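*Asks:* Pasting in a structure now, in structure tokens, and then I'll have a few things to ask.
Residue numbers (my numbering): 1 to 143.
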């Protein structure tokens with residue numbers, strides 16, 4: 001069994017605004033990486049994400065970026081010595097709304113991998129809800 005998941009959220013803003021709110025480190029830090037993000041999600045870069053409620057910085061390798069369509073990342077699986085793959089896909093539903101789908105895969109197929117996948121599934125769902133609140137209403141749910 002391959003450990004993977006996908007969450008999705010409809011956001012009532014154009015795809016360019018939703019994409020930019022993930023790509024831009026200042027905006028991302030306004031609702032998700034509350035301890036900061038070291039740079040934009042430029043393809044081929046490694047950025048550091050920090051969270052005010054979780055100690056330490058996380059290196060995030062940016063594998064692929066297609067403006068207003070897709071961001072693919074890799075990062076460490078639950079402090080283990082392997083990475084998981086995160087795919088964010090941005091789909092315009094019409095001129096004023098976007099469907100963001102976030103999937104993650106690649107955990108080892110064991111009890112620790114299963115727990116980590118469930119934890120991250122909840123984390124990405126929380127991120128997408130915070131993204132929605134931020135771009136639609138300008139509020140940070142993580143305060």
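No residue lacks a Cβ here, since even glycine has one placed at the ideal position from N, Cα and C.
Owing to the predicted nature of the structure, the values given are computational and were not obtained by experimental measurement.
Measuring alpha carbon to alpha carbon, tell me which residue in 3, 39, 20 and 117 is nearest residue 89.
*Replies:* Closest by alpha carbon: 20.
*Asks:* Alpha helix (DSSP H) containing residue 120: first to last residue?
*Replies:* 111-137 is the extent of the alpha helix (DSSP H) around residue 120.
*Asks:* What span of residues does the alpha helix (DSSP H) with residue 16 cover, start to end?
*Replies:* For residue 16, the enclosing alpha helix (DSSP H) has its first and last residue at 15-23.
*Asks:* What residue does the beta strand (DSSP E) around residue 80 start on, and which one ends it?
*Replies:* That residue, residue 80, is in no beta strand (DSSP E); it is neither H nor E in DSSP.
*Asks:* Residues in its own chain within less than 6 Å of residue 29 by CB, not counting five upstream and five downstream?
*Replies:* 36 and 37
*Asks:* Could you tell me which residues DSSP puts in a beta bridge with residue 8?
*Replies:* 101
*Asks:* Short check: CB of residue 130 to CB of residue 142, under 8 Å?
*Replies:* yes
*Asks:* So does the segment 111-122 actually touch the segment 71-81, counting three or more Cβ pairs closer than 8 Å?
*Replies:* yes
*Asks:* Here's the rule: buried if 16 or more other CB atoms are within 10 angstroms of the residue's CB, otherwise exposed. What is residue 10?
*Replies:* If you draw a 10 Å sphere on the C-beta of residue 10, you find fewer than 16 other C-beta atoms in it, and that means exposed.
*Asks:* Among 55, 49, 51 and 45, which one has its Cα closest to the Cα of residue 64?
*Replies:* For residue 64, the nearest C-alpha among the options comes from 45.
*Asks:* Identify, in the order they occur along the chain, each residue of the same chain with its Cβ nearer than 6 Å to the Cβ of residue 85, setting aside the five sequence neighbours on each side.
*Replies:* 74, 105 and 106
*Asks:* Assuming residue 68 and residue 103 are in contact, meaning their beta carbons sit under 8 Å apart, how far apart are those beta carbons, in whole angstroms?
*Replies:* Wrong, their Cβ atoms sit about 18 Å apart, outside the cutoff.
*Asks:* Mind reading off the beta-carbon distance from residue 71 to residue 23? Whole number of angstroms is fine, and I expect it under 8 Å.
*Replies:* So it is a contact: roughly 7 Å between Cβ atoms.
*Asks:* Whose C-alpha, out of 120, 112, 18 and 34, is nearest the C-alpha of residue 135?
*Replies:* Selected option, being the one with the closest Cα: 18.
*Asks:* From 12, 140 and 34, pick the residue whose C-alpha is nearest to that of residue 49; which is it?
*Replies:* 34
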